[in-house]
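In what follows, a structure is listed as structure tokens, so that the remarks can point back to it.
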Amino acid sequence: HFYYHEPMEKLIELEYNRLYNENAKNLTDFMFSTRDTHATEYFTALKNLLEQLYTKPLPKTLETYARYSYKTIESMLRQLRQSNIAVGQTDKSKLFSLIDAQEYKEKIRKII
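For the sequence shown, the residue numbers in the numbering used here are 4 to 115.
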């Protein structure tokens, strides 16, 4: 996929290991074995589910939206790397905007 920099198998393995460690810790905290039949079936099903989710192609509309979001975030990151740029929240809104750092400081001073 366009937004993964690592091979899909490695991502599946990383996610599986993260979930396995978290679930195994919870099982052992409650005195359950991670090697009994229910646990091994669960972890096998978890691995299969992750493989299905990561390898199944996205629907076109979702892929288009994901690509648009990815490009938007990349564009924002490029602009943030430029000097004198800050991320500011618009007035009475949950939306964020890119603003000149000096303007942002002046705006904060007016509010305070």
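Where is the CB? At the ideal position from N, CA and C, for every residue including glycine.
Since this is a predicted model, take the numbers as computed values, not measurements.
- In the three-state DSSP reduction, Ser36 falls in the coil class, being neither helix nor strand.
- Straight-line spacing of the CA atoms in Arg70 and Glu77 works out to 10 Å.
- If you look at Gln92, you'll find it in the beta strand (DSSP E) that goes 88-92.
- Nearest Cα to Ile15 within the set Thr64, Leu52, His41: Leu52.
- Going by C-alpha positions, Lys97 is about 10 Å away from Gly91.
- Spanning the alpha carbons of Thr37 and Ser100 requires a straight line of approximately 48 Å.
- About 33 Å separates the Cβ atoms of Leu49 and Leu80, ruling out a contact at the 8 Å cut-off.
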